[in-house]
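Heads up: the sequence shown is residues 1 to 101, going by my numbering.
Heads up, the beta-carbon is just placed ideally off N, CA and C, and yes, glycines get one too.
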Amino acid sequence: AWSVDLLPESARAALYRLAVFPGRFDLAAARAVAGAGISEIDTLIHHHLLRLSERDGARNRFDMPESVREFARGRLREEGNEEALCDRHAAWHWTRARLCA
Numbered sequence: 001a002w003s004v005d006l007l008p009e010s011a012r013a014a015l016y017r018l019a020v021f022p023g024r025f026d027l028a029a030a031r032a033v034a035g036a037g038i039s040e041i042d043t044l045i046h047h048h049l050l051r052l053s054e055r056d057g058a059r060n061r062f063d064m065p066e067s068v069r070e071f072a073r074g075r076l077r078e079e080g081n082e083e084a085l086c087d088r089h090a091a092w093h094w095t096r097a098r099l100c101a
């Protein structure tokens with residue numbers, strides 16, 4: 001908790017919101033669901049709270065260690081924002097699925 005509290009507010013908020021992803025995600029998903037940009041992603045990687053897990057051509061995919069995810073999800077829940085972010089995550093997947101159909 002102390003290391004997360006040292007993060008800039010924008011990176012800390014992005015961390016909590018990114019915890020709704022159960023696995024890997026790309027920058028487009030991070031922006032659409034969590035409002036996280038490359039600056040926040042870079043900060044979280046620098047602090048070892050996110051990992052670059054895969055490079056797929058020009059697209060990078062990131063993931064969050066499970067212990068960090070559990071902590072961040074708990075903070076998101078405490079803030080009362082978990083349900084809204086989960087809905088946003090589901091809507092994003094639904095929209096992408098419809099585009100591919």
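Asked	Found
Let me check one thing: in DSSP terms, what residues is PHE25 bridge-paired to?	PHE62
In terms of residue numbering, what span does the alpha helix (DSSP H) encompassing ARG17 cover?	9-18
Would you tell me roughly how many angstroms separate the C-alpha atoms of PHE92 and TRP2, rounded to the nearest one?	A small correction: the amino acid at residue 92 is Trp; Phe does not occupy that position in the sequence shown. Using only the alpha carbons, I get a separation of about 32 Å.
Fully enclosed by the region 63-91, which beta strand (DSSP E) runs are 3 residues long or longer?	none
Return the first residue and the last residue of the alpha helix (DSSP H) that LEU6 is part of.	Note, LEU6: premise wrong, no alpha helix (DSSP H); not H, not E.
Excluding the five sequence neighbours on either side, which residues of its own chain have a C-beta within less than 6 Å of the C-beta of ARG51, listed in chain order?	ASP63
Check LEU52 in the structure and name its three-state DSSP category.	strand
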